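Residue 419 is where the sequence shown ends in this note's numbering, and the numbering goes up by one at each step. Positions of the beta carbon are idealized from the N, C-alpha and C atoms, including for glycine. In this text, all values refer to a predicted model and were calculated from it rather than measured experimentally. Let me begin by presenting the structure, written as C-alpha coordinates, before commenting on it.
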Amino acid sequence: SSPLGGFGISPWEALKENGEYIITELGHNLRLRSTPALSGETLAWLKQGEHIIVLDGPEEADEYLWWYVRVVESGKEGWVADNPGWYEFVESPE
(Lines of atoms letter the chains of each structure in order from A and count residues from 1; the text may use other names and numbers.)
(Lines give C-alpha, C1' and ligand atoms only; values in the text may rest on other atoms or scores of the structure.)
Protein backbone atom coordinates (compact mmCIF):
# COMPACT_ATOMS: atom_id res chain seq x y z
CA SER A 1 0.00 0.00 0.00
CA SER A 2 1.30 3.41 -0.97
CA PRO A 3 1.39 6.26 1.56
CA LEU A 4 0.28 8.53 -1.28
CA GLY A 5 -3.23 7.09 -1.21
CA GLY A 6 -5.69 8.57 -3.64
CA PHE A 7 -3.76 11.64 -4.69
CA GLY A 8 -3.28 10.41 -8.25
CA ILE A 9 0.50 10.37 -7.80
CA SER A 10 2.41 7.50 -9.29
CA PRO A 11 4.01 5.48 -6.51
CA TRP A 12 6.96 5.03 -8.87
CA GLU A 13 9.62 7.63 -8.18
CA ALA A 14 11.90 8.83 -10.95
CA LEU A 15 14.38 10.27 -8.44
CA LYS A 16 16.13 8.85 -5.38
CA GLU A 17 18.01 10.62 -2.59
CA ASN A 18 21.76 11.01 -3.26
CA GLY A 19 21.28 10.09 -6.93
CA GLU A 20 22.75 12.12 -9.79
CA TYR A 21 20.58 12.70 -12.83
CA ILE A 22 20.71 14.48 -16.16
CA ILE A 23 17.77 16.54 -17.43
CA THR A 24 16.25 14.92 -20.52
CA GLU A 25 14.63 16.52 -23.57
CA LEU A 26 11.23 16.00 -21.88
CA GLY A 27 12.51 17.81 -18.77
CA HIS A 28 13.94 20.81 -20.67
CA ASN A 29 12.86 24.12 -19.08
CA LEU A 30 12.00 22.37 -15.81
CA ARG A 31 11.52 24.89 -13.00
CA LEU A 32 13.80 24.88 -9.96
CA ARG A 33 11.52 26.23 -7.22
CA SER A 34 12.04 27.89 -3.84
CA THR A 35 9.48 25.64 -2.11
CA PRO A 36 8.08 22.16 -2.89
CA ALA A 37 4.88 23.43 -4.54
CA LEU A 38 3.65 24.75 -7.88
CA SER A 39 3.29 28.14 -6.17
CA GLY A 40 7.01 28.19 -5.27
CA GLU A 41 9.05 31.00 -6.78
CA THR A 42 11.01 29.95 -9.88
CA LEU A 43 14.72 30.19 -9.05
CA ALA A 44 15.98 28.85 -12.39
CA TRP A 45 14.92 27.05 -15.56
CA LEU A 46 16.79 23.77 -15.92
CA LYS A 47 17.95 22.86 -19.40
CA GLN A 48 18.37 19.55 -21.16
CA GLY A 49 21.80 18.12 -20.33
CA GLU A 50 22.20 19.82 -16.94
CA HIS A 51 23.02 17.56 -13.99
CA ILE A 52 21.26 17.52 -10.62
CA ILE A 53 22.11 15.77 -7.37
CA VAL A 54 19.20 14.89 -5.08
CA LEU A 55 19.86 16.16 -1.54
CA ASP A 56 16.53 15.64 0.24
CA GLY A 57 12.93 14.63 -0.18
CA PRO A 58 10.46 13.69 -1.19
CA GLU A 59 7.77 16.13 -0.10
CA GLU A 60 4.23 15.74 -1.41
CA ALA A 61 2.27 18.73 -2.75
CA ASP A 62 0.05 19.66 -5.70
CA GLU A 63 -0.16 15.99 -6.77
CA TYR A 64 3.61 15.80 -7.27
CA LEU A 65 6.51 14.44 -5.30
CA TRP A 66 9.16 17.13 -4.84
CA TRP A 67 12.91 16.66 -4.32
CA TYR A 68 15.46 19.17 -3.06
CA VAL A 69 18.37 19.19 -5.51
CA ARG A 70 21.63 20.93 -6.34
CA VAL A 71 22.33 21.84 -9.96
CA VAL A 72 25.90 20.67 -10.62
CA GLU A 73 26.66 23.30 -13.28
CA SER A 74 25.46 26.38 -11.33
CA GLY A 75 25.52 25.23 -7.70
CA LYS A 76 21.95 26.48 -7.29
CA GLU A 77 19.68 24.55 -4.94
CA GLY A 78 15.90 24.23 -4.91
CA TRP A 79 12.95 21.92 -5.44
CA VAL A 80 11.95 19.99 -8.56
CA ALA A 81 8.84 17.94 -9.27
CA ASP A 82 9.29 14.22 -9.85
CA ASN A 83 8.05 13.07 -13.24
CA PRO A 84 9.08 9.93 -15.11
CA GLY A 85 10.88 10.86 -18.31
CA TRP A 86 12.23 14.22 -17.12
CA TYR A 87 15.41 12.71 -15.64
CA GLU A 88 17.96 10.10 -16.61
CA PHE A 89 20.06 8.42 -13.93
CA VAL A 90 23.82 8.99 -14.17
CA GLU A 91 25.74 5.87 -13.19
CA SER A 92 28.21 6.40 -10.36
CA PRO A 93 31.80 5.67 -11.33
CA GLU A 94 33.04 2.44 -9.76
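Would residue 357 pass as a contact of residue 405 if the rule is Cβ separation under 9 angstroms?
-> Yes. Within cutoff.
Between residue 394 and residue 370, what straight-line distance do the alpha-carbon atoms span, to the nearest angstrom?
-> When rounded, the distance between both Cα atoms is 13 angstroms.
Contacting residues, own chain, Cβ-Cβ under 7 angstroms from residue 368 (five flanking each side not counted) = Counting only Cβ-Cβ distances below 7 angstroms, and skipping sequence neighbours, we find 357, 358, 359, 401 and 403.
Look up residue 383 in the DSSP assignment and say whether it is helix, strand or coil.
-> Residue 383: strand per DSSP, three-state reduction.
Using three-state DSSP, classify residue 396 as helix, strand or coil.
-> DSSP places residue 396 in strand when its eight states are reduced to three.
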